[in-house]
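Beneath this line is the structure, given in structure tokens, with notes to follow.
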Amino acid sequence: MIIAAIVMFSTGFILIAWLPSKLRKIKLMIGFILTVLAIPIATFFVSIPNTPQIFGIAIRCVQTDEKIVALTYDDGPRSPTTEGVLDVLAKHQVNATFFLIGERAEKNPTLVRREYNAGHELGNHTYTHPVLIFRTPSFVREQIEKTDKIIRDCGYDKEIFFRSPKGMKLLADSWTLKKMNRKNILFDTVAWDWDSPGVQKIVDNVMKDVRPGSIILLHDGCGDEHDVVEASDIIITRLKEQGYKFLTISELLKKDCSAKI
Ligand SMILES: [Zn+2]
Numbered sequence: 002m003i004i005a006a007i008v009m010f011s012t013g014f015i016l017i018a019w020l021p022s023k024l025r026k027i028k029l030m031i032g033f034i035l036t037v038l039a040i041p042i043a044t045f046f047v048s049i050p051n052t053p054q055i056f057g058i059a060i061r062c063v064q065t066d067e068k069i070v071a072l073t074y075d076d077g078p079r080s081p082t083t084e085g086v087l088d089v090l091a092k093h094q095v096n097a098t099f100f101l102i103g104e105r106a107e108k109n110p111t112l113v114r115r116e117y118n119a120g121h122e123l124g125n126h127t128y129t130h131p132v133l134i135f136r137t138p139s140f141v142r143e144q145i146e147k148t149d150k151i152i153r154d155c156g157y158d159k160e161i162f163f164r165s166p167k168g169m170k171l172l173a174d175s176w177t178l179k180k181m182n183r184k185n186i187l188f189d190t191v192a193w194d195w196d197s198p199g200v201q202k203i204v205d206n207v208m209k210d211v212r213p214g215s216i217i218l219l220h221d222g223c224g225d226e227h228d229v230v231e232a233s234d235i236i237i238t239r240l241k242e243q244g245y246k247f248l249t250i251s252e253l254l255k256k257d258c259s260a261k262i
């Protein structure tokens, strides 16, 4: 898509070059319009989750032929969804990674402890879940450090992973992550569960994109309270039938150090 913006921009300039020099005003106007269009288009495509991050490391999946995936749950903790997801994970004896919103974790430390005591990993999903792409480095740093402290105060002592809200990333935010030596753990399989599309659709969205090494994005903190619980039960059952094993993010990353976008 970035290529599309570049092609559009380049084609425009070639067309401008072909115009007779008498049409100087028109040339300038076309150049201005192309610039105005190309900048936001390029910015948008650089900021979305499935394009490379400008600074530092973002990971969407790992390269492997092994049937392994990581389940990740964002935006919690939120009752009763988080408890429901934990019950489903316990029933299937699989571990996942929860990317927590700091202000929610602060209000529900018991649920956070329940998550890591069950063997799941915890990640930082900022304090208030702002999109970070046009924020200052100090704002980004404060959102991350505040949430790290809350997670540590809950007693969690393992590595805290980071995921940017909505998976978006641009300049100051990715620069700050690089300076803080933090990877951005993104995803290649999206359940689109925040739109509450119903259990079947959530399952279908995951099953059509999942492959060996996938990081699957689900939400225990938004969307319908119960659908993701039911959908998780079905997704885990189906993936197990296909021979998949479920790893936490740290376990998945050990499989492929080159995992990067
Ligand atoms: Zn989120």
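The numbering of the sequence shown is the working numbering, which starts it at 2 and goes up by one.
Here a beta-carbon is modelled for each residue, glycine too, at the ideal position from N, C-alpha and C.
>> Assuming LEU172 and PRO50 are in contact, meaning their beta carbons sit under 8 Å apart, how far apart are those beta carbons, in whole angstroms?
In response: Here residue 172 refers to the residue found at position 171 of the sequence shown. Here residue 50 refers to the residue found at position 49 of the sequence shown. Between PRO50 and LEU172 the Cβ distance is about 16 Å, and since that is not below 8 Å, they are no contact.
> Any heavy atom of ligand 1 closer than 8 Å to the Cβ of PHE162?
Replying inline: Within the sequence shown, the letter at position 161 stands for residue 162. No, the beta carbon of PHE162 sits no closer than 8 Å to any heavy atom of ligand 1.
> Using the C-alpha atoms, what's the distance from ILE42 back to GLU143?
Replying inline: Here residue 143 refers to the residue found at position 142 of the sequence shown. Here residue 42 refers to the residue found at position 41 of the sequence shown. GLU143 and ILE42: Cα-Cα distance of roughly 29 Å.
> Is DSSP giving PRO138 helix, strand or coil here?
Replying inline: Sequence index remark: in the sequence shown, residue 138 carries index 137 (1-based). Helix, per DSSP.
> So GLN94 and GLY214 are in contact, right, with Cβ under 8 Å, and what is the actual spacing, rounded?
Replying inline: Reading the sequence shown from its first residue, position 93 is the one you call residue 94. Reading the sequence shown from its first residue, position 213 is the one you call residue 214. That pair is no contact at about 21 Å.
> When you compare each of GLY244, GLU160, LEU35, VAL113 to GLU84 by their alpha carbons, which one comes out closest?
Replying inline: For the purposes of this step, residue 84 is taken as the residue at position 83 of the sequence shown. It is VAL113 whose Cα lies nearest to the Cα of GLU84.
> Per DSSP, what kind of secondary structure is GLY32 in: helix, strand or coil?
Replying inline: The sequence position of residue 32 within the sequence shown is 31, counting from 1. Looking at GLY32 - three-state DSSP - the assignment turns out to be helix.
>> Buried or exposed, going by whether 16 or more other CB atoms sit within 10 Å of the CB of ILE1?
In response: Here the chain has residues from 2 to 262 only, and residue 1 is not among them.
> For ligand 1, is there a heavy atom less than 8 Å away from the beta-carbon of LYS170?
Replying inline: Along the sequence shown, read from residue 1 onward, the residue named residue 170 stands at position 169. Answer for LYS170: no, Cβ out of range of ligand 1.
>> Measuring only from the beta carbon, is ASP149 closer than 8 Å to any heavy atom that is part of ligand 1?
In response: Position 148 of the sequence shown holds residue 149. For ligand 1, not one heavy atom lies less than 8 Å from the Cβ of ASP149.
> For ILE102, is the beta carbon positioned less than 8 Å from some heavy atom of ligand 1?
Replying inline: Your numbering for residue 102 matches position 101 in the sequence shown. ILE102 Cβ: within cutoff of ligand 1.
>> Tell me which residues share the same chain as LYS92 and place their Cβ nearer than 8 Å to its Cβ, disregarding the 5 neighbours each side in the sequence.
In response: Here residue 92 refers to the residue found at position 91 of the sequence shown. Taken in chain order, the residues that qualify are ASP234.
>> Looking only at its chain, what residues have a beta carbon closer than 7 Å to the beta carbon of ASP228, apart from the 5 residues adjacent to it on each side?
In response: Start at 1 with the first residue of the sequence shown, and residue 228 comes out as number 227. Excluding positions up to five away in sequence, the list reads ASP194, SER197, GLY199, VAL200, ILE203.
> If we call anything under 9 Å between Cβ atoms a contact, is ILE102 one with THR129?
Replying inline: In the sequence shown, the residue the question calls residue 102 occupies position 101. In the sequence shown, the residue the question calls residue 129 occupies position 128. It is a contact, given that the beta carbons lie within the stated cut-off.
> Who are ASN125's beta bridge partners in DSSP?
Replying inline: The residue you call residue 125 lines up with position 124 of the sequence shown. Per DSSP, LEU101, PHE163.
>> Taking 8 Å as the cut-off, is the beta-carbon of LEU253 closer than that to any non-hydrogen atom of ligand 3?
In response: Absent from the structure shown: ligand 3. Ligands present: ligand 1.
> Which of helix, strand or coil does DSSP assign to ILE216?
Replying inline: For the purposes of this step, residue 216 is identified with residue 215 of the sequence shown, where counting begins at 1. Strand.
> Tell me which same chain residues have a C-beta within less than 8 Å of the C-beta of PRO78, skipping the five on either side of it?
Replying inline: The count along the sequence shown starts at 1 and reaches residue 78 at position 77. Closer than 8 Å at Cβ, skipping near neighbours: PHE99, LEU101, ARG105, ALA106, ASN109, LEU112, VAL113, GLU116, ASP221, GLY222.
>> Cutting at 6 Å between CB atoms, please list the residues of its own chain near ASN206, excluding the five before and the five after it.
In response: Translated into positions along the sequence shown, residue 206 becomes position 205. Taken in chain order, the residues that qualify are ALA192, TRP193.
> Do you know how far the Cα of PRO131 is from the Cα of LEU248?
Replying inline: Taking the sequence shown and counting its residues from 1, the one referred to as residue 248 is at position 247. Taking the sequence shown and counting its residues from 1, the one referred to as residue 131 is at position 130. Straight-line Cα distance between these residues: approximately 28 Å.
> With ALA119 and LEU72 assumed to form a contact (beta carbons below 8 Å), what rounded beta-carbon distance in angstroms separates them?
Replying inline: Position 118 of the sequence shown, counting from 1, holds the residue named residue 119. Position 71 of the sequence shown, counting from 1, holds the residue named residue 72. Not confirmed; about 13 Å, so no contact.
> Quick one: what's got a C-beta closer than 6 Å to LEU253's C-beta in the same chain, skipping five residues either side?
Replying inline: In the sequence shown, the residue the question calls residue 253 occupies position 252. Cβ neighbours of LEU253 beyond the five flanking positions: VAL63, ALA71.
>> Taking 8 Å as the cut-off, is the beta-carbon of GLY222 closer than that to any non-hydrogen atom of ligand 1?
In response: Residue 222 sits at position 221 when you count from the first residue of the sequence shown. GLY222: yes, Cβ under 8 Å from ligand 1.
> Do you know how far the Cα of HIS121 is from the Cα of ASP66?
Replying inline: Taking the first residue of the sequence shown as position 1, residue 66 is located at position 65. Taking the first residue of the sequence shown as position 1, residue 121 is located at position 120. Using only the alpha carbons, I get a separation of about 24 Å.
>> Quick check on DSSP: helix, strand or coil for PHE247?
In response: Stepping through the sequence shown from its first residue, residue 247 is reached at position 246. In this structure, PHE247 counts as strand in the three-state DSSP scheme.
> Can you tell me the Cα-Cα spacing of LEU24 and LYS147, whole angstroms?
Replying inline: Taking the sequence shown and counting its residues from 1, one reaches residue 24 at position 23. Taking the sequence shown and counting its residues from 1, one reaches residue 147 at position 146. So the two alpha carbons sit approximately 57 Å from each other.
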